[in-house]
Amino acid sequence: MKIVCMGTGTFGIPTLEALYQHPLHEVVALVTQPVPQTHTQGKPLPTPEIVQLAEKNQTPIYHFAKIKSPEAIETLRSFQADLFFICDYGQILSQEGIQAARLGGLNLHGSLLPKYRGAAPVHWAIYNGDDETGITVIHITPEMDAGPMVAWEKVPILPDETTPELEARLARIGAPHVLYVIDRMANGEDLSQWAVPQDPALACGARKLRKQFAQIDWNRSAVEIRNQIRAFEPWPRTFTHWVKTPGKPPIRLIPHPVPEILEMPLPENTPPGTILAVGEVLAVATGKGVLGIRLLQPSGKRPLTIPEFHCGYGIQPGTTFG
Numbered sequence: 035m036k037i038v039c040m041g042t043g044t045f046g047i048p049t050l051e052a053l054y055q056h057p058l059h060e061v062v063a064l065v066t067q068p069v070p071q072t073h074t075q076g077k078p079l080p081t082p083e084i085v086q087l088a089e090k091n092q093t094p095i096y097h098f099a100k101i102k103s104p105e106a107i108e109t110l111r112s113f114q115a116d117l118f119f120i121c122d123y124g125q126i127l128s129q130e131g132i133q134a135a136r137l138g139g140l141n142l143h144g145s146l147l148p149k150y151r152g153a154a155p156v157h158w159a160i161y162n163g164d165d166e167t168g169i170t171v172i173h174i175t176p177e178m179d180a181g182p183m184v185a186w187e188k189v190p191i192l193p194d195e196t197t198p199e200l201e202a203r204l205a206r207i208g209a210p211h212v213l214y215v216i217d218r219m220a221n222g223e224d225l226s227q228w229a230v231p232q233d234p235a236l237a238c239g240a241r242k243l244r245k246q247f248a249q250i251d252w253n254r255s256a257v258e259i260r261n262q263i264r265a266f267e268p269w270p271r272t273f274t275h276w277v278k279t280p281g282k283p284p285i286r287l288i289p290h291p292v293p294e295i296l297e298m299p300l301p302e303n304t305p306p307g308t309i310l311a312v313g314e315v316l317a318v319a320t321g322k323g324v325l326g327i328r329l330l331q332p333s334g335k336r337p338l339t340i341p342e343f344h345c346g347y348g349i350q351p352g353t354t355f356g
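Counting in the working numbering, the sequence shown runs from 35 upward without gaps.
Have a look at this one:
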């Protein structure tokens, strides 16, 4: 089958690699979003991994700021593709765009749909403390992540797993499911014969991440804050503030790596965010339980061990994060 891949992030890479290795399928193009050439600080940005993979395999690459534009639709038609594979792309196709491929499109999504429809399903599953998640392959429709389900697999979330680790694992798990569906379609099977419609009543969203979500609210429990830190790697990256000198601006601090839940008593009436002990581990009071932090990264600096941070910044028990 002639397949057009549409992706910008890394989630679709294992599937694209599998398609390149398949003797009966041809990847005729990669459609991806335009990427700025430099950071806001002026530093050059690396070429996205999925673009590097397409270049390595001499696949034509197309960048469209608006996939619903007449120019983009005409280009999609020109491929005369049998199927679109859409994954981690960042834009939603119109019905006209979907129909530009003979069999429409498949999407690999990082949750057990209809739970966590949207841009950040893995992040919010970890943030909310879910024990399990999964992948779902859907036959796409113009409504975001709402198409009928044609393959899925349930996956446990490991206790210390961060978003990039879980995303990479789900991407690998999802690839053979996508290939299985494509092979069935190539054999002439009708998706409607085994597709399962999603129940809209069970749908919940996975809203796009924003920087303001990353600040720690120390009134939350130690478990919830730990999940937040796991979820918001590598961006927007969880942070807190600490006032070293009264009257001076607070220092922005990023905890590394995933903190521990400490088995130590929390003194009654201790304000959340209070530093209880400074040693190899920084013990911090929360709304419920004590969080143990081993590394702190001041804004613009390298991560420091707690003894290094204590030596350089003079942090003491009784002060508070906020």
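For each residue, glycine too, the CB sits at the ideal point set by N, CA and C. Keep in mind it's a predicted model, so treat the numbers as computed, not measured.
Taking the beta carbon of Tyr-150 as the centre, do at least 16 other beta carbons fall within 10 Å, making it buried, or is it exposed? Residue numbering aside, residue 150 sits at position 116 when the sequence shown is read from its first letter. That one is buried.
Helix, strand or coil at Thr-72 [DSSP, three-state]: Within the sequence shown, residue 72 is the residue found at index 38, counting from 1. Residue placement at Thr-72 is poorly supported in this model, since its pLDDT is 49, which falls under 50; the coordinates are not used for a value here.
Boundaries (first-last residue) of the beta strand (DSSP E) holding Tyr-96: Numbered from its first residue, the sequence shown carries residue 96 at position 62. Per DSSP, the unbroken beta strand (DSSP E) holding Tyr-96 starts and ends at 95-97.
Are there 16 or more other CB atoms within 10 angstroms of the CB of Ser-226, so buried, or fewer, so exposed? Locating residue 226 in the sequence shown gives position 192, where the first residue counts as 1. The residue in question, Ser-226, is exposed, as its Cβ has fewer than 16 Cβ neighbours within 10 Å.
Report yes if the CB atom of Thr-353 is closer than 9 Å to the CB atom of Ile-288, and no otherwise. Position 319 of the sequence shown, counted from the start, is the residue given in the question as residue 353. Position 254 of the sequence shown, counted from the start, is the residue given in the question as residue 288. Cβ atoms of Thr-353 and Ile-288: not closer than 9 Å.
Residue of Leu-338, Ala-153, Val-171 and Gln-262 minimising C-alpha distance to Arg-20: Here the chain comprises residues numbered 35 to 356, so residue 20 is not present and cannot be evaluated.
I need the straight-line Cα distance from Lys-366 to Gly-348, nearest angstrom please. Since the first residue shown for the chain is 35 and the last is 356, residue 366 is missing from the structure and cannot be characterised.
Taking just the CA atoms, how far does Ile-37 sit from Asp-116? Translated into positions along the sequence shown, residue 116 becomes position 82. Translated into positions along the sequence shown, residue 37 becomes position 3. C-alpha separation (whole angstroms): 6 Å.
Segment contact, 8 Å Cβ cut-off, at least three pairs: the region 269-282 with the region 163-180: No, the region 269-282 is not in contact with the region 163-180.
Does DSSP put Val-277 in a helix, a strand or coil? What you label residue 277 is simply residue 243 of the sequence shown in a count that begins at 1. The answer is coil: DSSP assigns Val-277 none of H, G, I, E or B.
What separation, rounded to the nearest whole angstrom, lies between the Cα atoms of Asp-165 and Ile-101? Taking the sequence shown and counting its residues from 1, one reaches residue 165 at position 131. Taking the sequence shown and counting its residues from 1, one reaches residue 101 at position 67. Rounded to the nearest angstrom, the gap between the Cα atoms of Asp-165 and Ile-101 is 36 Å.
According to the neighbour-count rule (16 or more other Cβ atoms, all chains shown, within 10 Å of its Cβ), is His-97 buried or exposed? Mapped onto the sequence shown, residue 97 falls at position 63. Within 10 angstroms of the beta-carbon of His-97 lie fewer than 16 other beta-carbons, which makes it exposed.
Does the Cβ of Asp-122 have 16 or more other Cβ atoms within 10 Å, making it buried, or fewer, making it exposed? Here the question's residue 122 lines up with position 88 in the sequence shown. Buried: at least 16 other Cβ atoms inside 10 Å.
Nearest to Leu-147 (by Cα), restricted to the options Gly-239, Gly-41 and Gly-138: Along the sequence shown, one-based indexing puts residue 147 at 113. Looking at the Cα atoms, Gly-239 is the closest of the given residues.
According to DSSP, simplified to helix, strand and coil, what is Asn-141? Residue numbering aside, residue 141 sits at position 107 when the sequence shown is read from its first letter. The answer is strand: DSSP assigns Asn-141 an E or B state.
Got a sec, what are the start and stop residues for the alpha helix (DSSP H) Leu-50 sits in? On the sequence shown, position 16 is the one that residue 50 refers to. According to the DSSP assignment, Leu-50 belongs to the alpha helix (DSSP H) that extends over 47-55.
Determine, using beta-carbon pairs with one atom in the region 219-237 and one in the region 189-204, whether at least three such pairs fall under 8 Å. Touching, no, given that fewer than three Cβ pairs across the two stretches are closer than 8 Å.
Mind reading off the beta-carbon distance from Ala-256 to Leu-316? Whole number of angstroms is fine, and I expect it under 8 Å. Here residue 256 corresponds to residue number 222 of the sequence shown, with the count starting at 1. Here residue 316 corresponds to residue number 282 of the sequence shown, with the count starting at 1. Going by Cβ atoms, the distance from Ala-256 to Leu-316 rounds to 13 Å, so no, they are not a contact pair.
Pull up the distance between the alpha-carbon of Thr-167 and that of Trp-158, whole angstroms please. In the sequence shown, residue 167 corresponds to position 133, counting from 1. In the sequence shown, residue 158 corresponds to position 124, counting from 1. Rounded to the nearest angstrom, the two C-alpha atoms are 10 Å apart.
Which of helix, strand or coil DSSP assigns to Lys-36: Here residue 36 refers to the residue found at position 2 when the sequence shown is read from its first residue. Lys-36 falls in the strand class under three-state DSSP.
CB-CB length for Leu-142 against Phe-45, believed under 8 Å: Translated into the one-based positions of the sequence shown, residue 142 becomes position 108. Translated into the one-based positions of the sequence shown, residue 45 becomes position 11. Confirmed, about 7 Å.
Residues of its chain near Thr-72, where Cβ-Cβ distance is below 8 Å and the 5 sequence neighbours each way are ignored: In the sequence shown, the residue the question calls residue 72 occupies position 38. Caution is warranted here: a pLDDT of 49 is assigned to Thr-72, below 50, making its placement in the model unreliable, and no coordinate value can be reported.
Would Glu-83 and Ile-107 be called neighbours here (beta carbons separated by less than 9 Å)? Here residue 83 refers to the residue found at position 49 when the sequence shown is read from its first residue. Here residue 107 refers to the residue found at position 73 when the sequence shown is read from its first residue. Not closer than 9 Å, so no.
I'd like to know if Leu-117 contacts chain C, where contact means its C-beta is closer than 9 Å to some C-beta of that chain. Chain labels in this structure do not include chain C; a single protein chain is all it has.
Neighbour-count burial assignment, Cys-39, 16 or more Cβ in a 10 Å radius: Working through the sequence shown from its first residue, we reach residue 39 at position 5. With 16 or more other Cβ atoms within 10 Å, it is buried.
Per DSSP, what kind of secondary structure is Asp-165 in: helix, strand or coil? Residue 165 sits at position 131 when you count from the first residue of the sequence shown. In this structure, Asp-165 counts as coil in the three-state DSSP scheme.
Sub-9 Å separation of Ile-207 and Ile-169 beta-carbons: Locating residue 207 in the sequence shown gives position 173, counting from the first residue. Locating residue 169 in the sequence shown gives position 135, counting from the first residue. Cβ atoms of Ile-207 and Ile-169: closer than 9 Å.
Who are the near neighbours of Leu-64 in its chain, counting only those whose CB is closer than 6 Å to its CB and skipping five residues on each side? The sequence position of residue 64 within the sequence shown is 30, counting from 1. The residues are Cys-39, Ala-88, Thr-93 and Ile-95.
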